[in-house]
Each structure stands twice: as C-alpha cells, then as structure tokens.
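Sequence order for the protein chains is A and B. Residues 0 to 543 in numbering that gives the first Met the number 0 are what the first sequence spells out, letter by letter. Residues 0 to 157 in numbering that gives the first Met the number 0 are what the second sequence spells out, letter by letter. C-beta atoms are modelled at their ideal positions from N, C-alpha and C, and glycine is treated no differently. Keep in mind that this is a model prediction, so the values were computed, not measured. Presented below is the structure to which this report refers.
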Amino acid sequence: MTADGLRQSREAELDRQSRLKNRIACCSVAGCLAGGGDAVRAALAEEVKAQGASAEIEVCGTGCMGLCSRGPLVRSSAGEITYAEVKPGDAAAVVRSDLDSLNGRILRQSDPFFAGQRRLILANSGKVDPEKIAGYIAQGGYQSLLRATSEMTPEEIVAEVKKSKLRGRGGAGYPAGLKWELVARHPSATKYVICNADEGDPGAFMNRSVLEGDPHRVLEGMAIAGRAVGAQQGYIYARGESPLAIERIRTAIDQAQREGLLGGRVFDSDFHFRIDLRIGAGAYVCGEETALIASIEGKRGQPVLRPPYPPESGLWGHPTLINNVETFANIPQIIENGGDWFAGIGAPASPGTKIFAVAGRIRNSGLVEVPIGTSLRTILFEIGGGVPEGYEFKAAQTGGPAGGCIPAQYLDVPMDYDSLTGIGTMMGSGGLIVMDTSSCMVDVARFFMEFCMDESCGKCIPCRAGTVQMNEILGRMTSGEGKEADFAMLEALSGLLVEASLCGLGRAAPNPVLSTLRHFRSEYDAHVRERRCPAGSCRMGASA
Amino acid sequence: MNPTAPDLNIPASDEREKLLERAMARHHNSGDALIEILHTAQQLYGYLSRPLLSKMARRLNLPPSHVLGVATFYHLFRFEPPKKHSAIVCLGTACYASGAGQLLAAAQQSASEGEWTLTTGRCVGSCGLAPIAICDGIPLARVKPGDLAAVLGGKHDG
Numbered sequence: 000m001t002a003d004g005l006r007q008s009r010e011a012e013l014d015r016q017s018r019l020k021n022r023i024a025c026c027s028v029a030g031c032l033a034g035g036g037d038a039v040r041a042a043l044a045e046e047v048k049a050q051g052a053s054a055e056i057e058v059c060g061t062g063c064m065g066l067c068s069r070g071p072l073v074r075s076s077a078g079e080i081t082y083a084e085v086k087p088g089d090a091a092a093v094v095r096s097d098l099d100s101l102n103g104r105i106l107r108q109s110d111p112f113f114a115g116q117r118r119l120i121l122a123n124s125g126k127v128d129p130e131k132i133a134g135y136i137a138q139g140g141y142q143s144l145l146r147a148t149s150e151m152t153p154e155e156i157v158a159e160v161k162k163s164k165l166r167g168r169g170g171a172g173y174p175a176g177l178k179w180e181l182v183a184r185h186p187s188a189t190k191y192v193i194c195n196a197d198e199g200d201p202g203a204f205m206n207r208s209v210l211e212g213d214p215h216r217v218l219e220g221m222a223i224a225g226r227a228v229g230a231q232q233g234y235i236y237a238r239g240e241s242p243l244a245i246e247r248i249r250t251a252i253d254q255a256q257r258e259g260l261l262g263g264r265v266f267d268s269d270f271h272f273r274i275d276l277r278i279g280a281g282a283y284v285c286g287e288e289t290a291l292i293a294s295i296e297g298k299r300g301q302p303v304l305r306p307p308y309p310p311e312s313g314l315w316g317h318p319t320l321i322n323n324v325e326t327f328a329n330i331p332q333i334i335e336n337g338g339d340w341f342a343g344i345g346a347p348a349s350p351g352t353k354i355f356a357v358a359g360r361i362r363n364s365g366l367v368e369v370p371i372g373t374s375l376r377t378i379l380f381e382i383g384g385g386v387p388e389g390y391e392f393k394a395a396q397t398g399g400p401a402g403g404c405i406p407a408q409y410l411d412v413p414m415d416y417d418s419l420t421g422i423g424t425m426m427g428s429g430g431l432i433v434m435d436t437s438s439c440m441v442d443v444a445r446f447f448m449e450f451c452m453d454e455s456c457g458k459c460i461p462c463r464a465g466t467v468q469m470n471e472i473l474g475r476m477t478s479g480e481g482k483e484a485d486f487a488m489l490e491a492l493s494g495l496l497v498e499a500s501l502c503g504l505g506r507a508a509p510n511p512v513l514s515t516l517r518h519f520r521s522e523y524d525a526h527v528r529e530r531r532c533p534a535g536s537c538r539m540g541a542s543a
Numbered sequence: 000m001n002p003t004a005p006d007l008n009i010p011a012s013d014e015r016e017k018l019l020e021r022a023m024a025r026h027h028n029s030g031d032a033l034i035e036i037l038h039t040a041q042q043l044y045g046y047l048s049r050p051l052l053s054k055m056a057r058r059l060n061l062p063p064s065h066v067l068g069v070a071t072f073y074h075l076f077r078f079e080p081p082k083k084h085s086a087i088v089c090l091g092t093a094c095y096a097s098g099a100g101q102l103l104a105a106a107q108q109s110a111s112e113g114e115w116t117l118t119t120g121r122c123v124g125s126c127g128l129a130p131i132a133i134c135d136g137i138p139l140a141r142v143k144p145g146d147l148a149a150v151l152g153g154k155h156d157g
C-alpha cells in the first residue's frame, strides 16, 4: 500500500460510514459472547434485514466496551447510546431506538462508568469492527506506521518513545524506550521483535480484550518497533487458552499482509517486516521473557539466568525486543501525537493510561482504562460503582500471583508502579479483584501459592520445593492445623524464594503471603491460635 | 486407557496422517516448530499417543525424550483420549472469590464416570460473569453448584 492508498482507503470507509443512519456495534469479545452476544448480533442483523434497512443501518461487531458484568452490550451510534443485557428479543427495540422498552438498560457516555475513564488504548473498542481492517484505517490506523517509515529515522522513533517515558505494561514497568535503544544500537544484522501476549494471571483479561477488540493496533505498534530497532521479523506469542484472540490475530495479520502493511517494502520504503503467530500451550511461566523465547524455539518453557538479557541475546541468540501487548498498543498514539503529549498524561514518573480488569465483588466489573495514578477508590467506587449492597469491601488484589492485597485503609493509593510497590503489592499486568469480608485472606494466599506451585517449571530448587512447602503450611493453617512455628517458617521460606529463585515466578511467589501477613496478620493469628476463620470461608470455616 | 476412539468428527486415519505430514512440511520439518506441530497433531487425533510422539520425533529428527519432555511440560497437551464431553471449571481469581471452589467440588462429585473430562481453567477471561464453567464449549455464566451438577449428571446429552 502507498500513502495515497491509505488515505483513499480511509476516506472511502469514512464516506461509507457517514452515509449510514445508524451503526449498531455489538460487543464481540469473550465476555459478552459468553453471555450470548452472538445470538444478539444475529437477531439484530435479522431485524435490520426484515425492516429492509440494510442500506442505512449496519450491524457489526466491535471490541470491549468495558461493562462486562452487564453484557451483552450493544452500542448504537445514533445518540451514542449503549444498551446493556440485550437479549435477542430486544432486537426490534434496539433497531427502532425504542428507548421506553429498553428502560433501565440504557447507558450513556455521561454515566460515571464511562465518564470516569480515559480510553486511549481502547479508543476503538465500541466503534471499530476488529475483523475489518478498513474500520481501523478509518480511525487513523496505520498512519503512525506510515510516518515511522516515511518521515522518521529509526533513531527519531526511539527518541520519541524515550521521551514518552512509556513503561512496559507487562508488570515490571521497565522503561520501554531504554529497551528499544539497547536493541536498536546492537550491531547484529538479525534482530527480532516479540509481543508477549501470554497473559496468564488469573483474573486478568486486558491483553486478550485488546487483541480481540483491536488487533491491528498491536500489529502497527510491533511494526513501528521493528522499524525502530532494525528487525525484520516479529512474533506474537499468544496464550493457547484464548482461541478467539488467536483467530482475530490471524485474520488481522492476513489482512495487513494483503494490504502491504506488513511484509516486503512497507509503504514503498526499504522496510520489511513479517509477523508470525506462535501459540503457547498453557504454561504460566512462559510469560517470563526467557521462558517465552525457549517456547518459541520449540523447547520446554524454562527460564534461563539473565544476563545476558534478550536485547543482547534473545531468540536464537539474536538481539530481541520483547514488550507486552498493551505496551505495543500504546506506540501508534505516541508516534501520532508525540512523546511529550504522552508524557503529560497520568503520573509524571509513569505516564499514560492503564487498563485494569476489574472483577470480583463489585457492581461494575469489566475493563477500565484510566490515567496511571488514578486512585484505587476512584476506580472501584466511582467507576466501578462500589461493592453491591449487603457486602463490605475488604481488599483489592492486584498483580495476580506475583502481587498482593490492598486493604481498605489504602483505598486512596494512586495506582502507579511505585506507589503500589510501596504498600507491598505491584501493578502487574492490570488484574484488579475486589474481595468482600467473606473472603478469607489466608485462603487467598493459599490459592495463589497453589497456583505458583502448579506453575513452577521445576528448574530451580528454591521455587520448585519452596512453593510446595509454603503451600503445605498454608493448607495446614486453613484446615485448623497451623502451628506457631509455621509463621517463622513462612517468613524464612519467603526470604529464600525471593533471594534464590531463578526467575520472577519464584521470586514473586511469596508476595501474596507477605502482603496478607502484613495487612491481615490478625486473620492468620485467628487461624493458628484460635483455630477459627474470621471470614468463615476457608476449609476450616466451611466445616465449622 | 480407553481404547474406543472419541467421537470428535476427526478425519479418517490416513487423512489425518497426510494433514500432519503437511503441517510438518510447512515448518520444513524443523524442531523449532515442535509446539505448533504438537498443537496440530492434537487437533487431528484428539490427544498425543506415545506412538504418535515417536513418529513425530523421527520425522523432525529430534530425540524422542525431547519431544516427550516438551509435550509433557505444557498443560494443554493431552496423552489420553478425551471423553465424550468436556467441562472446564474456571479457577481464576474472580471465579475463586465467587465460589468456584464449591463449584468444582460439586462437579467432581457429579461428573459421571467415562462421560466427562473434567478440567480446571486458569481464567477464561469472562470475569464479569464469575463463577463460570464451560461445558462442551458452552459457557455457563454465574452458574450455581446444583445447576452444574445437573448438567454433568447426565441430563445433558449431546
């Protein structure tokens, strides 16, 4: 495709859309589909056909609109109205915009759930059909890649990313620009770009939703990265458990290749970039970058000691840039609006927005995108609508099995990388699970320890044996057989895992234990000394 | 081991072999693509039998121990034929906090022997609908232990 071709394609699609009276976009990502979204979309298409309105009303799929707990969601462009809990029987009312019969299920953009967010990465979700490249192009898609290949030198792209102060969204928060610079400066002729889409934290579905809802944004970000660091080959390593995301990536890669946006001579430049998909097979540890690389090479996904880090020696020994899905999804807008623009959003030390997957005991669960540094209280109680009546907030769990629990007294903590580390948890990839007073925190710690035990790759002894021991102790505690000496043992084992494990899985495995010990010590005491579970929900509580 | 082949609409034996050969050829019989090829083999045959793994090892010029080692490392690969029905109980954090433990216990009690392959999943990405179970590909949102037990108890015949 040429620059002119991109412009024409954009104008043609915008023109087509402007001649429509209404676009009815049905959420077509995992959450709403699980709630029956497919049948709703089919019924709407049928109804439009029956009314003979196919020329002026379009029914299409779209990405996640956020409010998963009230799905299936359908958004009508006429009046910017979102309908919640739509059933196939509502098709006629939605098509006619008959607001009376949909009363109580009408959401407006001014509602706190939508108004409190700043949707930049998810800007297209709710508008663009993820299965059609034209929709992405109409919203300005691939303009940044055009700029990156025709107006900017690789050094300028790296400089822009550095200026943006974008931090990696995979969890650790390493500055993306520094990583890009390391790979770009390496003299090797062969380099790779890898998108880590192995989102394995239980309770996290941000990356999956981005890939299902707006896959081209990630491809564009990867291609810009390829241009910046001098790579000609990219890989997306996707989770085998996300079949829909895999399907959407495949479709998007095919489309982009057909349009000449990936492949040889992108935009008639000397830049060649291919993207291939690699599918994981269910191993949490493969989210760790060296394990992920081993898995792409067709081996057991076991981490290796760093250094050397992947920017120096990665896939097949070549310099490799690995970033997370959400990191790449941020790139097109940084190139479009400039690094300074991005650096001005959110918290000064960690700019930009972050998508959180909010779930658990909360009214509005789903995907929430806010500027980094927004307080936990705002996310949960303004956007999230608070905990449902009859329940009381107890803790929010962030960072998955590597993170920790935030008790009520820290509700005003700004959600940024450093503040969260300061209170014993971490940002992680963005999972945010709300627990009420019926959740037993010792059992929550046990739940995550069991997870880490199952997912330990077995290569290093501290993690392989330590997680088993810690799981056993926590199991004892939640069955009413805990001993006083177990506390010292838990702490000693935690220190050992943190210090001596080979990779992040083992080093972070004690975090849920340490954080619950820090904030909910009295609950541990009740289990061990009084043989009772204050929440009444662990194995001991259930049997008492 | 269950000797009867599962009813999964899989193509006839020689056809499967041809498709697997083609998949390996597409990857130039390279060991780098082992995981892709294992995915294809499992799709075609429903599971990875020892003879199948040995055959792939020969074809890809890899030690059989390497192929078995890689296959057994990953949770998604099966080494026994799947049963007629499959049920996944999600044990993601949101589901766990919404009572997935009780759900799993009910499922384990009621899943009729020989009919259901019962597995647990680590977050199926529909946390807004927690707790969730997926029976034969159909998601059951906010499912109660009793309702899941009824589905697994044989009333559901697909």
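Assuming residue i and residue j form a contact by the criterion Cβ under 8 Å, report the distance between their Cβ atoms to the nearest whole angstrom.
i, j, result
"T148/A", "S268/A", "4 Å"
"A129/B", "S97/B", "4 Å"
"M469/A", "L501/A", "No, M469/A and L501/A are not in contact; Cβ-Cβ is about 17 Å, not under 8 Å."
"E449/A", "L121/A", "Going by Cβ atoms, the distance from E449/A to L121/A rounds to 33 Å, so no, they are not a contact pair."
"L243/A", "A29/A", "6 Å"
"I56/A", "I23/A", "7 Å"
Beta-carbon of residue i versus every beta-carbon of chain B: anything under 8 Å?
i, result
"Q116/A", "no"
"R207/A", "yes"
"I432/A", "yes"
"A534/A", "no"
"R360/A", "yes"
"A507/A", "no"
"A44/A", "no"
"F380/A", "no"
"A401/A", "no"
"P201/A", "yes"
Looking only at its chain, what residues have a beta carbon closer than 7 Å to the beta carbon of residue i, apart from the 5 residues adjacent to it on each side?
i, result
"E381/A", "P111, G115"
"C94/B", "A129, P130, I131"
"I248/A", "L210, P214, I235, A237, L276"
"G281/A", "G239, E240"
"A42/A", "P87, A90"
Between residue i and the rest of its own chain, which residues show a CB-CB distance below 6 Å, the 5 nearest in sequence each way excluded?
i, result
"V150/B", "C134"
"H185/A", "P318"
"A507/A", "A401"
"G533/A", "According to the sequence displayed, residue 533/A carries Pro and not Gly. Cβ neighbours of P533/A beyond the five flanking positions: E522, A525."
"A52/A", "none"
"R531/A", "A525"
"G65/A", "G365, L366"
Determine the contact status of residue i and residue j, defining contact as a CB-CB distance below 8 Å.
i, j, result
"T352/A", "I344/A", "yes"
"L43/B", "L19/B", "yes"
"S431/A", "T377/A", "It should be noted that the sequence gives Leu, not Ser, for residue 431/A. Not in contact: L431/A and T377/A (Cβ atoms no closer than 8 Å)."
"E288/A", "P306/A", "no"
"C67/A", "S364/A", "yes"
"T61/A", "D128/A", "yes"
"V265/A", "A224/A", "no"
"M23/B", "R58/B", "yes"
Answer yes or no: does any C-beta atom of chain A fall closer than 8 Å to that of residue i?
i, result
"E16/B", "no"
"D146/B", "no"
"V142/B", "no"
"Y73/B", "yes"
"V150/B", "no"
"G68/B", "yes"
"P62/B", "no"
"P50/B", "no"
Please go through the same chain and pick out, in chain order, the residues whose beta-carbon is closer than 8 Å to the beta-carbon of residue i, but skip the five residues on each side of it.
i, result
"P201/A", "G399, P400, G430, F450"
"E159/A", "M151, I333, I334, G337, G338"
- [ ] Please list the residues of the stretch 166-199 of chain A that have a C-beta atom closer than 8 Å to any C-beta atom in chain B, keeping them in chain order.
- [x] Only those residues of the stretch 166-199 of chain A whose C-beta falls short of 8 Å from the nearest C-beta of chain B are listed: G199.
- [ ] Could you name the residues of the stretch 121-134 of chain B whose beta carbon sits closer than 9 Å to any beta carbon of chain A, in the order they occur along the chain?
- [x] R121, C122, V123, G124, S125, C126, G127, L128, A129, I131, I133
Open item on the list: To be precise: take each residue of the stretch 78-95 of chain B, compare its Cβ to all Cβ atoms of chain A, and keep it if any distance is under 9 Å. Which residues remain?
Closed with: C89, L90, G91, T92, A93, C94, Y95
TODO: Check distances from the C-beta atoms of the stretch 290-318 of chain A to those of chain B and list, in chain order, the residues that come in under 7 Å.
DONE: So the close ones are S294, E296, G297, K298, R299, G300.
Task: Interfacial residues, the stretch 27-38 of chain B to chain A, with Cβ spacing under 9 Å - done: S29, G30, D31, A32, L33, I34, E35, I36, L37, H38
Task: Where the stretch 203-235 of chain A meets chain B: residues whose CB sits under 8 Å from a CB there - done: A203, F204, R207, S208
Task: Residues, ordered as in the chain, of the stretch 272-283 of chain A that lie near chain B by beta-carbon distance below 8 Å - done: R277, I278, G279, A280, G281, A282, Y283
- [ ] Identify each residue in the stretch 55-81 of chain A for which the Cβ-Cβ distance to at least one residue of chain B is less than 9 Å, and report them in chain order.
- [x] L66, C67, S68, R69, G70
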